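To convert, count from 1 in the sequence shown and add 16; that's the working numbering.
We put the beta carbon where it would ideally sit given N, CA and C, even for glycine.
A quick note: this is a predicted structure, and the numbers were derived from the prediction, not measured.
Everything on this sheet refers to the single structure shown next.
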Amino acid sequence: MQERRQTDAIIAIVDDDPSAREGLSSLIRSMGLRVETFASAQEFLARTGAEALSCLILDLQLPDLSGIDLQKRMAEVGLEIPIVFLTGHGDIPSSVEAIKAGAVEFLTKPVDEQKLLQAIQQAIERGGKARQQQAELRDLRHRMLETERYARMTATESEKYADE
17 MQERRQTDAI
27 IAIVDDDPSA
37 REGLSSLIRS
47 MGLRVETFAS
57 AQEFLARTGA
67 EALSCLILDL
77 QLPDLSGIDL
87 QKRMAEVGLE
97 IPIVFLTGHG
107 DIPSSVEAIK
117 AGAVEFLTKP
127 VDEQKLLQAI
137 QQAIERGGKA
147 RQQQAELRDL
157 RHRMLETERY
167 ARMTATESEK
177 YADE
């Protein structure tokens with residue numbers, strides 16, 4: 017299975033600040049990537065097909081759920097999207113918690129554009145590898161089921177011919 021091409025990548029931004037969403041969106045679009053923006057965690061969670069996203073740029077302080085709480089909620093429902101935290105209110109305990117929970121990066125505003133773009137690229141690559149591993153695991157499970165089915169069929173046929 018091929019990794020998702022970068023031009024197919026969809027980056028989601030969850031930030032309650034409209035100017036931050038617009039600025040980030042413009043920057044990411046300038047890389048040739050598609051962008052979807054959300055003003056709240058609940059708005060993001062209501063999106064159908066979120067598993068198709070390549071990266072989530074997530075603010076730490078949101079009006080409904082914190083970025084950390086959204087990260088936990090995503091893990092609970094099995095939504096595995098690489099996360100880059102980008103916040104104006106970062107602290108060491110929050111950054112440690114986010115990284116331990118699997119975030120790709122924890123950046124503070126104002127952000128160095130190059131660092132952000134590198135973090136997005138890393139997230140896209142990590143997500144592509146994870147999708148490839150999931151596809152290989154599905155394929156392996158399918159082959160195991162086929163092998164088991166064949167083994168049962170062979171055992172049944174052997175019993176049938178033994179009775180004759």
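For this session: Using a threshold of 9 Å, state whether the C-beta atoms of residue 123 and residue 40 are closer than that.
Result: By 1-based counting over the sequence shown, the position of residue 123 is 107. By 1-based counting over the sequence shown, the position of residue 40 is 24. Residue 123 places its beta carbon 9 Å or farther from that of residue 40.
Problem set entry | Separation of residue 165 from residue 73, as counted between CA atoms | For the purposes of this step, residue 73 is identified with residue 57 of the sequence shown, where counting begins at 1. For the purposes of this step, residue 165 is identified with residue 149 of the sequence shown, where counting begins at 1. Put simply, the backbone Cα of residue 73 is about 44 Å away from that of residue 165.
Exercise. Which partner residues does residue 50 have in the DSSP bridge list?
Worked result: As a working mapping, residue 50 is identified with position 34 in the sequence shown. For residue 50, the pairing in a beta bridge is given by DSSP as 26.
Problem set entry | Identity of the residue in 27, 78, 114 and 104 nearest residue 91 by Cα | As a first step, residue 91 is located in the sequence shown; it is residue number 75 there, counting from the start. Checking every option, the nearest Cα to that of residue 91 belongs to 114.
Problem set entry | Start-to-end residues for the beta strand (DSSP E) that takes in residue 72 | For this step, residue 72 is matched to residue 56 along the sequence shown. Bounds of the beta strand (DSSP E) holding residue 72 are 71-74.
Exercise. Cα-Cα, which of 52, 71, 160 and 162 is closest to residue 100?
Worked result: As a working mapping, residue 100 is identified with position 84 in the sequence shown. If we check each option's Cα against that of residue 100, 71 comes out closest.
Problem set entry | CB contact flag (residue 81, residue 56, <9 Å) | As a working mapping, residue 81 is identified with position 65 in the sequence shown. As a working mapping, residue 56 is identified with position 40 in the sequence shown. Inclusion of residue 81 and residue 56 in the CB contact set at 9 Å is warranted, their separation being smaller than that value.
For this session: Could you work out which residue in 63, 44, 96 and 121 is closest to residue 108 when comparing CA atoms only?
Result: Start at 1 with the first residue of the sequence shown, and residue 108 comes out as number 92. Nearest of 63, 44, 96 and 121 to residue 108, Cα basis: 121.
For this session: Could you tell me which residues DSSP puts in a beta bridge with residue 124?
Result: Reading the sequence shown from its first residue, position 108 is the one you call residue 124. In the DSSP output, where bridge partners are listed per residue, residue 124 has 103.
Exercise. Taking the alpha-carbon positions, what's the residue 21 to residue 33 distance?
Worked result: Mapped onto the sequence shown, residue 21 falls at position 5. Mapped onto the sequence shown, residue 33 falls at position 17. Legend: pLDDT at residue 21 = 49, less than 50; position of this residue unreliable, no value from coordinates given.
Exercise. When the Cα of residue 63 is compared with those of 77, 49 and 30, which residue comes out closest?
Worked result: The sequence position of residue 63 within the sequence shown is 47, counting from 1. If we check each option's Cα against that of residue 63, 30 comes out closest.
Exercise. Is DSSP giving residue 129 helix, strand or coil here?
Worked result: The residue labelled residue 129 in the question sits at position 113 within the sequence shown. Three-state DSSP puts residue 129 in a helix.
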